[in-house]
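This report refers to the structure that appears directly beneath it.
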Amino acid sequence: MVPGYRDVRQLGEGRTGRVFLSTYQATGAHVAIKYLNATLRRDDAFMARFAEDAAILVELDDPGVARTYEYVRTRSRAAVVTELVDGVSLRAILAEHGRVRPEAALALVKAVLGGLAAAHERGLAHRDVQPGNVLVQADGAVKLTDFGVVAHAEEPGVPPGSPPYMSPELWTRGEAGPPADLYATACVLFEAVRGRVPYRGDGVPALRDRHLVEPVPLEVAPDSLRNLLRLGLAKDPATRFASARRFAAELERDALTAYGPEWEKRGRRHLGELATLLALRFPLADAAPAARPRAEAMARSSPAASPTGDAPRPSRGARRGRGTAWAAGVPTHLWLAGATVVAVAVTLLMTEGRVPPGAVLLPPDDTPSALDPVTTTPDRRDPPPGTAPPADRRATRTPTRTPTPRAPTATASAVRPSAAPTPPPTRPPTP
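Written out as structure tokens, the structure is:
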């Protein structure tokens, strides 16, 4: 584990590492800790670049980005401590529901572009924008996560990244800069409304060719999105949007024209509804027992529970006729537990409350053990009023660049975030 934190349980694992729900021991606040896998740690070029990226990430504070608190590295381990986003990934939502409404897709992409703009303006590219790195909370808020953590390709000659979202210049020249991020974002927009990526192929070579030469499949996209997709998926990066902010401005204009002034509010509401239906997968699903009595009452009167309510779209399983048979075989106590968690999230939506922040369900290799930090990138921001860092840490700051390696020792100390991770404000941002 990372000194100063306690790992509670594993949230997920993938091609780049394992993610744990953890607590900051000084305050008990929840965080997510990602332990990078051995493949990434053996790549000296990646580790050097990521150390530089981490120095920027701890300074990046944008509502569309999951906050990074600390990066810790030793000779045998590397871990990133981030905000815990209490929600689910867009990947999970699409796997369960197939697609989202155009307004919801536009609201989601607008938040992603805001986070990218903040990062790009500091010289930081994401390098792997894809649905697994986009997290949706119960209030419809969206956060982009896992900046700079890119899986190595499993085939020789293929650059690191996620092939269905890789731009032509990334395929041919390995250029993973802001234009490639915007291309990947356009791919996510297409997938969100169509339920599939814009280009599909049997194997990586075929997929590469389609990204390089196949026309953008605008004919299957909603009319209101065609201009955004035409520019966002342009083969030549010079003909795409000039920046994430320009992309966001065009998106705002097209959405307003097509869907009216309330488009973003409706879109976020729809995202929140779809995320709430997966509330049992939230990292903190068991963290609010005190709210259960009120939540149960709200659930009985909520639109989602009412036969005449405007319920969200059924899941794929229900649409195939499996929902009723499955429900009939579920024990009553499991139904009550599931309804409680969903009702808590519905309550928060109806009261404009806000759930605590979620974890990146991304990341596989070895089980984390005690870390002896050689390098850390602390949070340099001043603590909030009434909060001060521990006395023994205020005077000790380690450099953000990797010092000369030294032999690990069990008593070595790491610099912690100057302000303990805390839940966000109780009210969601105004759409």
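The working numbering puts the sequence shown at residues 1115 to 1545.
Where a beta carbon is used, it is the ideal one built from N, C-alpha and C, also for glycine.
Query                                                                                                                                                        : Result
Let's see if you can read the secondary structure: which residues bound the alpha helix (DSSP H) around L1379?                                               : Sequence check: residue 1379 is Lys here, not Leu. From DSSP, the alpha helix (DSSP H) with K1379 extends over 1377 to 1390.
Between which residues of its own chain and L1208 is the CB-CB distance below 8 Å, once the five residues before and five after are set aside?               : V1214, P1245, E1305, A1306, G1309
Mind checking which residues open and close the beta strand (DSSP E) that includes F1134?                                                                    : 1131 to 1138
Have a look at the DSSP bridge pairing and note the partners of K1349.                                                                                       : DSSP lists no partner for K1349.
Would you check if there are 3 or more beta carbon pairs closer than 8 Å linking the region 1274 to 1285 to the region 1236 to 1256?                         : yes
Leaving out five residues on either side along the sequence, give the residues of the same chain with a beta carbon under 8 Å from the beta carbon of R1157. : Residue identity differs from the one stated: residue 1157 is Asp in this sequence, not Arg. Counting only Cβ-Cβ distances below 8 Å, and skipping sequence neighbours, we find H1266.
Relative to the C-alpha of Y1185, which candidate in Y1297, E1173, V1223, G1178 has its C-alpha closest?                                                     : E1173
Applying the 10 Å Cβ sphere with the 16-neighbour rule, what's the burial state of A1352?                                                                    : exposed
Report yes if the C-beta distance between L1385 and L1154 is below 8 Å; otherwise report no.                                                                 : no
Secondary structure at R1120, three-state DSSP: helix, strand or coil?                                                                                       : strand
Return helix, strand or coil for L1284, following the three-state DSSP convention.                                                                           : helix
Between Y1119 and the rest of its own chain, which residues show a CB-CB distance below 8 Å, the 5 nearest in sequence each way excluded?                    : S1136, T1137, Y1138, Q1139, V1145, I1147, V1195
Out of E1378, T1286, L1230, V1202, which has the shortest C-alpha to C-alpha gap to V1250?                                                                   : V1202
Looking at C-alpha atoms only, which residue of L1303, Y1313, V1263, E1269 is the closest neighbour of A1290?                                                : V1263
If you scan the region 1209 to 1237 from start to end, which runs of the beta strand (DSSP E) of 3 or more residues do you find wholly inside it?            : none
Does V1256 pass the burial test, meaning 16 or more other C-beta atoms within 10 Å, or should it be called exposed?                                          : buried
Determine which residues share a DSSP beta bridge with R1203 and list them.                                                                                  : Note on identity: in this sequence residue 1203 is Ser, with Arg being the wrong assignment. Paired residues: L1249.
Span of the beta strand (DSSP E) holding E1197?                                                                                                              : 1192 to 1197
Output the distance between the C-alpha atoms of T1286 and A1294, rounded to the nearest integer angstrom.                                                   : 12 Å
What does the alpha-carbon distance come out to for the pair L1391 and Y1373?                                                                                : 25 Å
Are the beta-carbon atoms belonging to L1258 and G1131 less than 8 Å from one another?                                                                       : no
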